[in-house]
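Heads up: the structure comes next, in structure tokens.
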Amino acid sequence: MSILHTNRLTLRPFEEDDANAMYHNWTYDERVAKYCRWSPHENLDETKALLKMYLEQSSQGFEYRWAILLNGTNEPIGAIDVVGTEDEGKSAEVGYVLSHDYWNKGYISEALNIVINELFHNGFTKVIAKHHIDNIASGKVMEKCGMRYTHDSKEQKKFGSDELCDVKCYQICKNVGSLLAPNCEGES
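In this text, residue positions in the sequence shown follow this note's numbering: the first is 1058, and each later residue adds one.
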């Protein structure tokens, strides 16, 4: 898996020592989990189990999950990954999470932009992202990265729950021969 760099961030694979930073920076935080499909972790052991799953998936060839770090540090402040693929592996759905302490500083826009480019470079032709209908800031991140709103949908609110919530769906498609274009082939 590639290590990605922006002006302010490094995106790298998760490491065994990341559980403590994950827990203290985002997995315990109700403000962060509010719009996510997981509930806040009650203890560090829950985060260690999540990290163990991440590392196992990485060892089995899952290449599209990055810890987000400020340049010059080795402490993850968030994560960004491909949460699903469609169209025989040509379409990737991206999800992200960031410590509340780093919200509204442009970090997720920076991370999403470089991940979109990395996915296009690796053969994906469409990148999709979704956000809880009340998480307006996440929609602004997607738009800032060139993604276009496509439709509303209903999704499982939390893993293991039958409760549904409204989400807004966005996408951006690779325009072969030029820079990124938000419209996919055949769409206006």
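Every residue gets a Cβ at the ideal spot worked out from N, C-alpha and C, and that includes glycine. Just so it is clear, the structure is predicted and the values come from calculations on it, not from any experiment.
Nonlocal neighbours in the same chain, by C-beta distance under 7 Å from residue i, ignoring five residues either side
i             : result
arginine 1069 : Ile1060, Trp1123, Ala1124 and Leu1126
alanine 1078  : Glu1132 and Pro1133
leucine 1066  : Ile1125, Leu1126, Leu1127, Asn1128, Tyr1164, Glu1167 and Ala1168
Whether residue i touches residue j by CB criterion (8 Å)
i               : j              : result
lysine 1225     : lysine 1187    : yes
tyrosine 1085   : histidine 1189 : no
isoleucine 1173 : threonine 1063 : no
serine 1148     : lysine 1183    : yes
threonine 1104  : tyrosine 1080  : yes
tryptophan 1083 : leucine 1155   : yes
alanine 1076    : leucine 1112   : no
Burial state of residue i, where buried means 16 or more other Cβ atoms lie within 10 Å
i               : result
alanine 1136    : buried
methionine 1110 : exposed
tyrosine 1206   : exposed
threonine 1130  : exposed
Cβ-heavy atom distance, residue i to the ligand MG, below 7 Å
i             : result
arginine 1094 : Absent from the structure shown: the ligand MG. Ligands present: none.
Closest Cα partner of residue i within the set the options
i           : options                               : result
serine 1116 : Lys1211, Thr1207, Glu1175 and Phe1071 : Phe1071
Same chain only: Cβ atoms within 8 Å of residue i, ignoring 5 sequence neighbours per side
i           : result
serine 1166 : Val1198, Lys1201 and Cys1202
Spatial neighbours of residue i in its chain, beta-carbon cut-off 6 Å, leaving aside the 5 residues before and after
i              : result
glutamate 1150 : Val1140, Gly1141 and Ile1185
**Request:** Could you name each continuous beta strand (DSSP E) segment of 3 residues or more that falls completely within the segment 1127-1166, going from the start of the chain to the end?
**Result:** 1133-1143 and 1148-1155
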